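Below: the structure, in structure tokens.
Number of protein chains: 2
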Amino acid sequence: KVLYVLTQLCGLTMIVLVGTWIGQHYGGLGGSSNPKLEFNWHPLFMTIGFIYLYGNSILVYRGFRTTRKKTLKLTHAGIHMAAFVLTVIALKTVFDSHNLADPPIPNMYSLHSWLGLSAVIIFCLQYAAGFMAFLVPGMRENYKIALMPLHIYFGLFGFVLAIASAVMGLTEKAIFSLGANYSTLPAAGVLANIIGVLYVIFGALVVYLATE
Amino acid sequence: KVLYVLTQLCGLTMIVLVGTWIGQHYGGLGGSSNPKLEFNWHPLFMTIGFIYLYGNSILVYRGFRTTRKKTLKLTHAGIHMAAFVLTVIALKTVFDSHNLADPPIPNMYSLHSWLGLSAVIIFCLQYAAGFMAFLVPGMRENYKIALMPLHIYFGLFGFVLAIASAVMGLTEKAIFSLGANYSTLPAAGVLANIIGVLYVIFGALVVYLATE
Ligand code: HEM
Ligand code: HEM
Ligand code: HEM
Ligand code: HEM
Ligand SMILES: O=C1O[C@H]([C@@H](O)CO)C(O)=C1O
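Residue numbers (my numbering), protein chains in the order written: chain U, 1 to 212; chain G, 1 to 212.
As structure tokens, this is what we get:
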């Protein structure tokens, strides 16, 4: 219970700090007419969708044990759907920020993009599998039982991979924008590091609560 | 069993590729008279010690189920000790590469260094706790039983954090050395990305085997 509240506080702080980071140091949000500002939706929506909501959806069964199982399943699937929508927008804005730049920046070259997109694909497959196995009626009970450990393993794996991708993303952005100045620890760099530490604490708490 | 062999193949490939990467693209290894080359020990020994040996030590209880428990415990503690020694050398060489550079580069500014050093500290605390609880005789059995889930949780957490740190380290090195060229995917960049993917697969396999 205490840990659950701590997880929420950590998650909300991390979202507020990402907002502050892009607002104070990178010019805030913008549309596709300004690819540099459109980029800023990417860290914000990945943090809200692919980290905070992803984690919260995993915790649904733990936080509300007295609620009916059917309601929990729909909440779990629903929050994951919301996470997915924000993640798609976060992907669209980063691809725009590459394709609409002048000159355009190539896509999918970095380790960050490889692992990040892998996490999104794992998430999609997991959604389809979870939907068919546990929500659509008709799956035989012994199949459900056999699938559950894999569902939990890949659910947590995708989540941890999202966090590993996010700390790489922060690292990239810090170096791209600050260059050698990063090593003098200016405000934008310290903030990026603190956000990264919060991602890791949030992730560690979610995995702990989901496996204890 | 198949997965165990796959884990080993993946781990050995990843070590060979790191060797190739620093050998072909970064001038190989060197002593403290050449800080740029001395740096190259850092990714190599972190990969062998803080990823490969760390993971293998976790797997000792799974790979050799028929061996006596006492022998397994000593092997577990012994491999972790070897991992620790290589990790300390990997830290010494990277600090040297900053302090002996002209002009010197500041220490501990990056998210990579914050999370990486945290992983090492968690590892050290874990070692001391595991040593006293499970190797030194005299700990009461019910304490041992209570500590074991925490021992496993923090053991795996430190390991996953090491891998997250390593992919950040690869990202930094790729950007520092290739700059905007990284986006044209030159050989050094592709190799860094492949090594990162292997780290993640190795990590996923170790955690799967240790928790199934
Ligand atoms: C955790 C969820 C995240 C995922 C799944 C993700 C995924 C991606 C993908 C697929 C790209 C490639 C876009 C392209 O090639 O056009 C990308 C680019 C980028 N992302 Fe993220 N990202 C995540 C979080 C973040 C965060 C938190 C930051 C922090 C600022 C960030 C910074 C960047 C940067 C700077 C780029 C452009 C450079 C590159 O292509 O690597 N990302 N991201
Ligand atoms: C990408 C989407 C999904 C992810 C990442 C995911 C992840 C997870 C995780 C990590 C758990 C373990 C939670 C715990 O033990 O407390 C879990 C449990 C579960 N999930 Fe999903 N899930 C996804 C989609 C779905 C969908 C669409 C359904 C269909 C309703 C579903 C049904 C379930 C059920 C029934 C449980 C077991 C709850 C229990 O009895 O403890 N999941 N999921
Ligand atoms: C997984 C284990 C790793 C740990 C625990 C770790 C830890 C550290 C630490 C503590 C520093 C700071 C040194 C200083 O400030 O003087 C550092 C620096 C560095 N590491 Fe790693 N590292 C790891 C793996 C890697 C890998 C695989 C690479 C790939 C090349 C790498 C690349 C770098 C680079 C480029 C620096 C210098 C820039 C900076 O301070 O961030 N590291 N590492
Ligand atoms: C940094 C050092 C250490 C780390 C990261 C670590 C990590 C782990 C992990 C992840 C497991 C779970 C393995 C599994 O379930 O298959 C484990 C099990 C265990 N560890 Fe450690 N450990 C460390 C040091 C020690 C030390 C020094 C001892 C003392 C001998 C020890 C004793 C044990 C025991 C008895 C088990 C239980 C094996 C079983 O019954 O399944 N550990 N350790
Ligand atoms: O010393 C030990 O502690 C654990 C167990 O007793 C507590 O879970 C174990 O397997 C040992 O060999």
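Note that beta-carbon positions come from the ideal geometry of N, C-alpha and C, so glycine has one too. Quick caveat, the model's predicted, so the values are computed rather than measured.
Spatial distance of residue i from residue j (CA atoms)
{"i": "V85 of chain U", "j": "F176 of chain G", "result": "34 Å"}
{"i": "Y61 of chain U", "j": "T7 of chain U", "result": "15 Å"}
{"i": "G11 of chain U", "j": "D96 of chain U", "result": "27 Å"}
{"i": "G19 of chain G", "j": "A210 of chain G", "result": "28 Å"}
{"i": "M14 of chain G", "j": "I195 of chain G", "result": "6 Å"}
{"i": "H42 of chain G", "j": "L170 of chain U", "result": "22 Å"}
{"i": "P137 of chain U", "j": "K70 of chain U", "result": "12 Å"}
{"i": "L74 of chain U", "j": "F159 of chain U", "result": "20 Å"}
{"i": "A133 of chain U", "j": "S57 of chain G", "result": "36 Å"}
{"i": "G189 of chain G", "j": "N142 of chain G", "result": "51 Å"}
{"i": "G23 of chain U", "j": "L205 of chain U", "result": "27 Å"}
{"i": "F50 of chain G", "j": "A129 of chain G", "result": "18 Å"}
{"i": "M108 of chain U", "j": "L178 of chain G", "result": "16 Å"}
{"i": "G155 of chain G", "j": "Q126 of chain G", "result": "7 Å"}
{"i": "T47 of chain G", "j": "F157 of chain U", "result": "21 Å"}
{"i": "Y4 of chain G", "j": "G203 of chain G", "result": "12 Å"}
{"i": "H98 of chain G", "j": "L198 of chain U", "result": "27 Å"}
{"i": "F131 of chain U", "j": "L147 of chain U", "result": "12 Å"}
{"i": "L100 of chain G", "j": "L44 of chain U", "result": "39 Å"}
{"i": "Y26 of chain U", "j": "I122 of chain G", "result": "34 Å"}
{"i": "H112 of chain U", "j": "A174 of chain U", "result": "13 Å"}
{"i": "L191 of chain U", "j": "S110 of chain G", "result": "11 Å"}
{"i": "G55 of chain U", "j": "V200 of chain U", "result": "12 Å"}
{"i": "P103 of chain U", "j": "P35 of chain U", "result": "11 Å"}
{"i": "L29 of chain G", "j": "E172 of chain G", "result": "19 Å"}
{"i": "A187 of chain U", "j": "V16 of chain U", "result": "16 Å"}
{"i": "N193 of chain G", "j": "S183 of chain G", "result": "12 Å"}
{"i": "K1 of chain G", "j": "L9 of chain U", "result": "42 Å"}
{"i": "P149 of chain G", "j": "R140 of chain G", "result": "16 Å"}
{"i": "V88 of chain G", "j": "R68 of chain G", "result": "30 Å"}
{"i": "L216 of chain U", "j": "V120 of chain U", "result": "There is simply no residue 216 of chain U to check, as chain U begins at 1 and stops at 212 in what is shown."}
{"i": "Y153 of chain U", "j": "E212 of chain U", "result": "14 Å"}
Close beta carbons around residue i, own chain, < 8 Å, minus the five adjacent residues each side
{"i": "L72 of chain U", "result": "V60, Y61, F64"}
{"i": "L53 of chain G", "result": "I79, H80, A82, A83, L86"}
{"i": "L115 of chain G", "result": "L161, A164, S165, M168"}
{"i": "G31 of chain G", "result": "L37, E38"}
{"i": "S118 of chain U", "result": "L161"}
{"i": "N181 of chain U", "result": "G189"}
{"i": "K144 of chain G", "result": "A133, F134"}
{"i": "H151 of chain U", "result": "Q126, A129, G130, A133, F134"}
{"i": "V207 of chain G", "result": "L156, F159, V160"}
{"i": "C124 of chain U", "result": "F84"}
{"i": "W21 of chain U", "result": "P43, A188, L191, A192, I195"}
6 Å Cβ shell around residue i - same chain, five flanking residues per side excluded
{"i": "T93 of chain U", "result": "E38, W41, H42"}
{"i": "T66 of chain G", "result": "none"}
{"i": "I105 of chain U", "result": "H98"}
Contacts around residue i, its chain only, beta-carbon distance under 7 Å, and the 5 residues preceding and following it disregarded
{"i": "L135 of chain U", "result": "K73, A77"}
{"i": "L185 of chain U", "result": "none"}
{"i": "S33 of chain G", "result": "none"}
Within chain C, the residues that residue i reaches when beta carbons sit closer than 7 Å
{"i": "Y153 of chain G", "result": "In the structure shown, chain C does not exist; the protein chains are U and G."}
Requested in this report: Check each residue of the segment 159-188 of chain G: if its Cβ is closer than 8 Å to any Cβ of chain U, include it; give the result in chain order.
Outcome: So the list reads V160, L161, I163, A164, V167, M168, L170, T171, E172, A174, I175, F176, Y182, S183, T184, L185, given in the order they occur along the chain.
Query raised in the report: Of the residues that make up the segment 37-58 of chain G, which ones have a beta carbon closer than 8 Å to any beta carbon in chain U?
Result: Listed by position, the residues of the segment 37-58 of chain G near chain U (Cβ gap below 8 Å) amount to none.
Requested in this report: Could you please tell me which residues of the segment 114-126 of chain U, in chain order, have their CB closer than 9 Å to any CB of chain G?
Outcome: For the segment 114-126 of chain U, the set of residues with a beta-carbon nearer than 9 Å to any beta-carbon of chain G comprises W114, L115, S118, in chain order.
Requested in this report: Check each residue's C-beta against every heavy atom of ligand 3 and list, in chain order, those closer than 5 Å.
Outcome: Per the Cβ criterion, the list is G:P43, G:M46, G:F50, G:V94, G:F95, G:H98, G:N107, G:M108, G:S110, G:H112, G:S113, G:G116, G:L117, G:A162, G:S165, G:A166, G:G169, G:L170, G:E172, G:K173.
Query raised in the report: Which residues, in chain order, does the segment 127-148 of chain U contribute to contact with chain G at a C-beta distance below 7 Å?
Result: Per Cβ criterion, the list is empty.
Query - Beta carbon nearer than 6 Å to a non-hydrogen atom of ligand 2 - result: Qualifying residues come out as U:I58, U:Y61, U:R62, U:K73, U:H76, U:A77, U:H80, U:F123, U:Q126, U:Y127, U:G130, U:F131, U:F134, U:L135, U:H151, U:I152, U:G155, U:L156, U:G158, U:A210.
Query raised in the report: Which residues, taken in chain order from the segment 76-88 of chain G, show a beta carbon closer than 9 Å to some beta carbon of chain U?
Result: Cβ contacts with chain U come from no residue of the segment 76-88 of chain G.
Query - Contact set between the segment 86-113 of chain U and chain G, restricted to residues whose Cβ is under 8 Å from the partner - result: For the segment 86-113 of chain U, the set of positions with a beta-carbon nearer than 8 Å to some beta-carbon of chain G reads I105, P106, Y109, S110, L111, H112 in chain order.
Requested in this report: Using a Cβ-Cβ cut-off of less than 7 Å, give me the residues of the segment 5-30 of chain U that come near chain G, in sequence order.
Outcome: So the list is empty, because no residue satisfies the distance condition.
Query - Interface positions of the segment 191-205 of chain G facing chain U (Cβ-Cβ less than 7 Å), listed along the chain - result: Taking 7 Å as the Cβ-Cβ cut-off, the segment 191-205 of chain G approaches chain U at A192, N193, G196, V197, V200, A204, given in chain order.
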